[in-house]
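J.:
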Amino acid sequence: MPHLLILLLALPFGSPAAPSGLLVNLLPSPALGVPARPRFSWIGPPSESEPDHAQVSYRLRVWAEISGGVVWDSGSVRSSSSATIGYGGHPLSPGTAYRWTVTTTSLGPAAESVPSESAPSEEGAFVTALFDGFAPSASYVWSRNGSGTFAFLRAEVEAPRAGSVRRATAFVSALTDDYVLCGFKLYVGGFLVGVGPGRGEASLEAGNGTFMARPYVALDATEAIASAAARGGRVVVALQGLGSVGGKGQGKGQGEGEGQGEDKGRGVLLQLEVATAPPFSAASPFSTAPAFSAASAASAAAAAAAAAAAAAAVAASAALVGPASPS
1 MPHLLILLLA
11 LPFGSPAAPS
21 GLLVNLLPSP
31 ALGVPARPRF
41 SWIGPPSESE
51 PDHAQVSYRL
61 RVWAEISGGV
71 VWDSGSVRSS
81 SSATIGYGGH
91 PLSPGTAYRW
101 TVTTTSLGPA
111 AESVPSESAP
121 SEEGAFVTAL
131 FDGFAPSASY
141 VWSRNGSGTF
151 AFLRAEVEAP
161 RAGSVRRATA
171 FVSALTDDYV
181 LCGFKLYVGG
191 FLVGVGPGRG
201 EASLEAGNGT
211 FMARPYVALD
221 ATEAIASAAA
231 RGGRVVVALQ
241 GLGSVGGKGQ
251 GKGQGEGEGQ
261 GEDKGRGVLL
271 QLEVATAPPF
281 SAASPFSTAP
291 AFSAASAASA
301 AAAAAAAAAA
311 AAAVAASAAL
321 VGPASPS
């Protein structure tokens, strides 16, 4: 008689499930560039004790990612809602990373139903927008004397201490036009971090009818900066944007009056926020300034060459806060 091998799987019994699908302003973690009053959403967990449970209350906790200081503990709030719950804590700082969790309580329809409290959700993360504006040190850079469609700009800055980078967020704005799909490409340490703003990407701010003529995007540069820190030395921050004659702006430029369609003196604007620990600190932001060195090129083919040159420079003298130096 053949022997049968029976495997019994030991599954946890009675351990409460946790909320999932965490979103901030309908963006997954890490949600970047969220406003000063974010809105939280989640998916309620099933009950482990009986069917047909529905959420009857929730508790949200929000804290600063680097310092760990709690900025909001909602306490138990009686509500069945789990979508776009408004923030109700201390004022949030601009360009700052936060983390959050949610715990829910559910109850079944039967009179004898017993409330079931969930386990805390996994931590979600979000980074606030620059709702106080870019840093005073940040200014648009472009190829002042170039004649090409694109400008290629670079700077070398000191890398943080290896292993200290907790989060790096790049806030970038750029001139766009009707013929180029995006206004900039950002490279850090030879790696492409991201592109944007998209062509025509100038949305209405919070649906209030205010047209944003100069949109900016937030990009997660944590991996690129951490890799540069691991190599030590200096890191090359490189930008590709429209050159001085490459784009015809649809709005008004800095200091220009209405009706002047060409956005002169505006190319790419970058602010890079880097938080390190320990000790817990938020470094002064690195930003573009006229000291950025620039070279213009007539075709997008030069972008690949610029990226390769940046990568080679990093390999030779590896990859954050400091002035740019002309080359």
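In UniProt numbering, the protein residues as written are 1 to 327.
We put the beta carbon where it would ideally sit given N, CA and C, even for glycine.
1) Going by alpha carbons, who is nearest to Ala-125 out of Pro-38, Arg-59, Ala-138 and Leu-272?
2) Measuring alpha carbon to alpha carbon, tell me which residue in Pro-91, Gly-190 and Glu-48 is nearest Pro-115.
3) When you compare the CB positions of Ile-43 and Leu-60, do they come within less than 9 Å of one another, or not?
4) Taking all protein chains shown into account, do 16 or more other C-beta atoms lie within 10 angstroms of the C-beta of Glu-156, making it buried, or fewer, making it exposed?
5) So who's on the other strand from Gly-241, going by DSSP bridges?
6) Taking all protein chains shown into account, decide if Leu-186 is buried (16 or more other Cβ within 10 angstroms of its Cβ) or exposed.
7) Provide the residue span of the alpha helix (DSSP H) that contains Ile-225, from first to last.
8) Let me confirm a value: Pro-19 is counted as buried when at least 16 other C-beta atoms fall within 10 Å, else exposed. Which label applies?
9) If residue 362 sits next to Leu-219, beta carbons under 8 Å apart, how far is it from one beta carbon to the other, in whole angstroms?
10) Alpha carbon to alpha carbon, what distance is there between Leu-153 and Ala-308?
11) Less than 9 Å separating the beta-carbons of Pro-45 and Ser-93?
12) Could you name each continuous alpha helix (DSSP H) segment of 4 residues or more that falls completely within the stretch 63-141, going from the start of the chain to the end?
13) For the beta strand (DSSP E) that contains Ser-29, what are its first and last residues?
14) Give a yes or no on contact between the stretch 187-198 and the stretch 223-239, applying the rule of three or more CB pairs nearer than 8 Å.
15) What three-state label does DSSP hand Gly-190 in the structure shown?
16) Which residue or residues does DSSP assign as beta-bridge partners of Glu-158?
17) Starting from Thr-169, follow the beta strand (DSSP E) in both directions and report where the run begins and ends.
18) Helix, strand or coil for Arg-59, going by three-state DSSP, please let me know.
19) According to the neighbour-count rule (16 or more other Cβ atoms, all chains shown, within 10 Å of its Cβ), is Ala-151 buried or exposed?
20) According to DSSP, simplified to helix, strand and coil, what is Ala-218?
21) Identify whether Pro-45 lies in helix, strand or coil by the three-state DSSP scheme.
22) Given a cut-off of 9 Å, decide if Ala-97 and Glu-122 are closer than it, judged by their beta-carbon atoms.
23) Using the beta-carbon count (16 or more within 10 Å), is residue 329 buried or exposed?
24) Verify whether the separation of the beta carbon atoms of Val-274 and Leu-175 is less than 9 Å.
25) Are Ala-238 and Ser-164 close, meaning C-beta to C-beta below 9 Å?
T.: This is what the structure gives:
1) Position 125 of the sequence shown, counting from 1, holds the residue named residue 125. Looking at the Cα atoms, Pro-38 is the closest of the given residues.
2) Start at 1 with the first residue of the sequence shown, and residue 115 comes out as number 115. For Pro-115, the nearest C-alpha among the options comes from Glu-48.
3) Position 43 of the sequence shown holds residue 43. Position 60 of the sequence shown holds residue 60. No, they are not a contact pair.
4) Translated into the one-based positions of the sequence shown, residue 156 becomes position 156. Result: buried.
5) What you label residue 241 is simply residue 241 of the sequence shown in a count that begins at 1. The partner list for Gly-241 (beta bridge, DSSP) reads Ala-151 and Phe-184.
6) Your numbering for residue 186 matches position 186 in the sequence shown. So Leu-186 ends up on the buried side.
7) The sequence position of residue 225 within the sequence shown is 225, counting from 1. 222-231 is the extent of the alpha helix (DSSP H) around Ile-225.
8) The residue labelled residue 19 in the question sits at position 19 within the sequence shown. Of the other Cβ atoms in all chains shown, 16 or more fall within 10 Å of the Cβ of Pro-19; this residue is therefore buried.
9) The chain is shown from 1 up to 327; residue 362 falls before or after that span and cannot be answered.
10) As a working note, residue 308 is residue 308 in the sequence shown. As a working note, residue 153 is residue 153 in the sequence shown. Its pLDDT being 39, under 50, Ala-308 is placed unreliably by the model, and nothing is read from it.
11) Looking up residue 45 in the sequence shown gives position 45. Looking up residue 93 in the sequence shown gives position 93. Taking 9 Å as the Cβ cut-off, Pro-45 and Ser-93 do not qualify as a contacting pair.
12) none
13) Residue 29 sits at position 29 when you count from the first residue of the sequence shown. Neither: Ser-29 is in no beta strand (DSSP E) and is coded neither H nor E.
14) yes
15) Translated into the one-based positions of the sequence shown, residue 190 becomes position 190. DSSP places Gly-190 in coil when its eight states are reduced to three.
16) For the purposes of this step, residue 158 is taken as residue 158 along the sequence shown, with counting starting at 1. Paired residues: Arg-234.
17) Numbered from its first residue, the sequence shown carries residue 169 at position 169. Segment 165-174, the beta strand (DSSP E) holding Thr-169.
18) Here residue 59 refers to the residue found at position 59 of the sequence shown. If DSSP states are grouped into helix, strand and coil, Arg-59 belongs with the strands.
19) Within the sequence shown, residue 151 is the residue found at index 151, counting from 1. Buried, because 16 or more other Cβ atoms sit within 10 Å of the Cβ of Ala-151.
20) Start at 1 with the first residue of the sequence shown, and residue 218 comes out as number 218. Reduced to three states, the DSSP call for Ala-218 is strand.
21) Looking up residue 45 in the sequence shown gives position 45. In this structure, Pro-45 counts as coil in the three-state DSSP scheme.
22) By 1-based counting over the sequence shown, the position of residue 122 is 122. By 1-based counting over the sequence shown, the position of residue 97 is 97. No. Outside cutoff.
23) The structure shown does not extend to residue 329, since the chain spans only 1 to 327, so no value can be given for it.
24) Here residue 274 refers to the residue found at position 274 when the sequence shown is read from its first residue. Here residue 175 refers to the residue found at position 175 when the sequence shown is read from its first residue. Result no, Cβ atoms of Val-274 and Leu-175 do not sit closer than 9 Å.
25) Within the sequence shown, residue 238 is the residue found at index 238, counting from 1. Within the sequence shown, residue 164 is the residue found at index 164, counting from 1. Taking 9 Å as the Cβ cut-off, Ala-238 and Ser-164 do not qualify as a contacting pair.
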